[in-house]
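Below: the structure, in structure tokens.
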Amino acid sequence: MLEPPAAVVAYLDAQRRGSPPDRACTKAAVKAVLAELERRAPGRSVELRVPPYAAIQLIAGTAHRRGTPPALVQLAAPDLIDLAVGSLLWADGLADGRVRASGERSDLSGYLPLFDPAVQFPS
Numbered sequence: 040m041l042e043p044p045a046a047v048v049a050y051l052d053a054q055r056r057g058s059p060p061d062r063a064c065t066k067a068a069v070k071a072v073l074a075e076l077e078r079r080a081p082g083r084s085v086e087l088r089v090p091p092y093a094a095i096q097l098i099a100g101t102a103h104r105r106g107t108p109p110a111l112v113q114l115a116a117p118d119l120i121d122l123a124v125g126s127l128l129w130a131d132g133l134a135d136g137r138v139r140a141s142g143e144r145s146d147l148s149g150y151l152p153l154f155d156p157a158v159q160f161p162s
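Under our numbering, the first residue of the sequence shown is numbered 40, with each subsequent residue one higher.
Below is the structure:
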């Protein structure tokens with residue numbers, strides 16, 4: 040597993056210190072997670088939405104071009120980051136409604152977590 044990118048570490052460090060990460064920090068962390076997901080699961084068959092920060096398409100298969108995608112995953116930024124570092128499991132996110140997934144290939148559990156959960160924080 041990879042070490043988390045600096046943007047994800049900064050986000051987690053802000054949380055650890057008890058201060059909510061600001062919008063710019065959250066956006067940078069989301070973009071870093073999505074970039075790694077795109078790298079690991081290239082394609083256009085599933086749309087992953089993290090409003091209001093970004094949406095990407097990933098996983099090989101039937102390409103989505105317009106309208107409603109055949110497979111859709113939507114979640115909040117904190118939940119995406121928690122999935123990426125393993126502090127939220129895919130099945131738990133689905134069960135409690137933090138992750139909304141529908142359609143063929145929308146199960147992203149095989150790609151998560153992305154990063155080593157043993158994050159080293161700056162002193």
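Each residue gets a CB set at the ideal place from its N, CA and C atoms; glycine is no exception.
- Counting along the chain, no alpha helix (DSSP H) covers glutamate 86; the unbroken beta strand (DSSP E) around it starts and ends at 85-89.
- Under the three-state reduction of DSSP, arginine 144 is assigned to coil, being neither helix nor strand.
- Distances from the CA of glycine 82 to each of Pro90, Ile98, Pro91, Glu75 were compared; the closest alpha carbon is that of Ile98.
- Note on geometry: alpha-carbon atoms of valine 112 and lysine 70 lie some 16 Å from one another.
- Contact between valine 72 and leucine 128 fails: their C-beta atoms lie close to 16 Å from each other, not under 8 Å.
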